[in-house]
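Comments concern the structure below.
Numbering (the working numbering), first residue to last: 25 to 162.
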């Protein structure tokens, strides 16, 4: 079973967990999940968290854009499998926040990847940075 990711900031707390099945179409020519798919898995988990944490849909007035994203691959992932993505978030600054993603196999708990993203909250009208809404992290 996995433990909290090593690179997790002390101030981060777990905010969401979601299970995502690996799809046949996620595989590359070597039969492994293509590395780019992990960013989609992290996005799915992030959007599910934000949908549950906010009162309304994203970008009605404002929403997050990615300023930075990274992924550390721990082992190859093949089909069939179901990933469990734990989402962690730090208390936001004025207009940005860091999120961390821990992808483990549902069946064994083995870690297959960890990722990070810096989100900047922007106005839907102007695209300029605005205050991060209350996500229960302050």
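Heads up, the beta-carbon is just placed ideally off N, CA and C, and yes, glycines get one too.
### residue 137 versus residue 161 - alpha carbon distance
Straight-line measurement puts the Cα of residue 161 at about 24 Å from the Cα of residue 137.
### Query
Helix or strand or just coil, what does DSSP make of residue 49?
Taken through DSSP and simplified to helix, strand or coil, residue 49 comes out as helix.
### Whole runs of the beta strand (DSSP E) within the stretch 43-102, excluding any shorter than 3 residues
Runs of the beta strand (DSSP E) lying entirely within the stretch 43-102, each at least 3 residues long, are 86-97 in chain order.
### Query
Should residue 145 go down as buried or exposed, given a rule of 16 or more other Cβ atoms within 10 Å for buried?
Counting Cβ neighbours within 10 Å, residue 145 comes out buried, since at least 16 surround it.
### Task
Compute the distance between the beta-carbons of residue 44 and residue 77, then report whether it is under 9 Å.
For residue 44 and residue 77, no; Cβs fall outside 9 Å.
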